[in-house]
Amino acid sequence: DNANKLASKYTMDQEEFRVIVVTYLSDSQYRIEEPSGSYPWEGTAILDGGQLSGDAKFKESFATMRVDGTLRSEGTIDVQYIFITDGDGNPANGRVDRHVWYPIP
Numbered sequence: 003d004n005a006n007k008l009a010s011k012y013t014m015d016q017e018e019f020r021v022i023v024v025t026y027l028s029d030s031q032y033r034i035e036e037p038s039g040s041y042p043w044e045g046t047a048i049l050d051g052g053q054l055s056g057d058a059k060f061k062e063s064f065a066t067m068r069v070d071g072t073l074r075s076e077g078t079i080d081v082q083y084i085f086i087t088d089g090d091g092n093p094a095n096g097r098v099d100r101h102v103w104y105p106i107p
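Right, here's the structure in full:
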C-alpha cells in the first residue's frame, strides 16, 4: 500500500548528501525532514491519493515552508518548497523552489 511504499529515504535532486527522510506516523500522516545537509528542516505532511502536502520549519533559522509533492509512478516525488518566511522570519515574497526526491534503494 501507499503507506509502506512512501516511508523511505530519498535523495533530493540525486545529490547524495541531501537526504530526505519520510517516516510513517499514522493514518495518512508522515514526518518529513532533511535532518542533515546545509539547511536542516522538519515537518509533517498528509498523503492524499498521489499528493503529499505539509508544513515544515528550518532548524537553524526562522524560515518556514509549505511542501507540496506529487508521487510519480516510478517512485520519485516532484516537490515544491513554497516558502512562507525567510531565514530572518520575514515574508518570503513568493519564493518557490522545485525539487525531485529520488528513492534510495
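In my numbering, the protein residues as written are 3 to 107.
Using N, Cα and C, we set each Cβ at its ideal position, and we do this for glycine too.
Residue range of the beta strand (DSSP E) that includes residue i
{"i": "Phe2", "result": "Outside the modelled stretch of the chain, which goes from 3 to 107, sits residue 2, for which no answer is possible."}
{"i": "Thr46", "result": "Trp43 to Asp50"}
{"i": "Arg97", "result": "Note, Arg97: premise wrong, no beta strand (DSSP E); not H, not E."}
{"i": "Ile34", "result": "Gln31 to Glu36"}
{"i": "Lys59", "result": "Gln53 to Phe60"}
Whole-number beta carbon distance between residue j and residue i, since they are thought to touch under 8 Å
{"i": "Gly39", "j": "Phe19", "result": "6 Å"}
{"i": "Arg103", "j": "Tyr32", "result": "It is Trp, not Arg, that sits at residue 103 in the sequence shown. Rounded, the Cβ-Cβ distance is 12 Å, inconsistent with contact."}
Classification of residue i by the beta-carbon crowding that lies within 10 angstroms, buried from 16 upward
{"i": "Asp3", "result": "Because the pLDDT at Asp3 is just 48, under 50, the model does not fix this residue reliably, and the value given afterwards should be weighed accordingly. Exposed."}
{"i": "Tyr41", "result": "exposed"}
{"i": "Leu27", "result": "exposed"}
Sub-8 Å separation of residue i and residue j beta-carbons
{"i": "Arg100", "j": "Phe85", "result": "no"}
{"i": "Ala94", "j": "Val69", "result": "no"}
{"i": "Glu44", "j": "Val21", "result": "no"}
{"i": "Gly56", "j": "Thr72", "result": "no"}
{"i": "Thr78", "j": "Pro107", "result": "no"}
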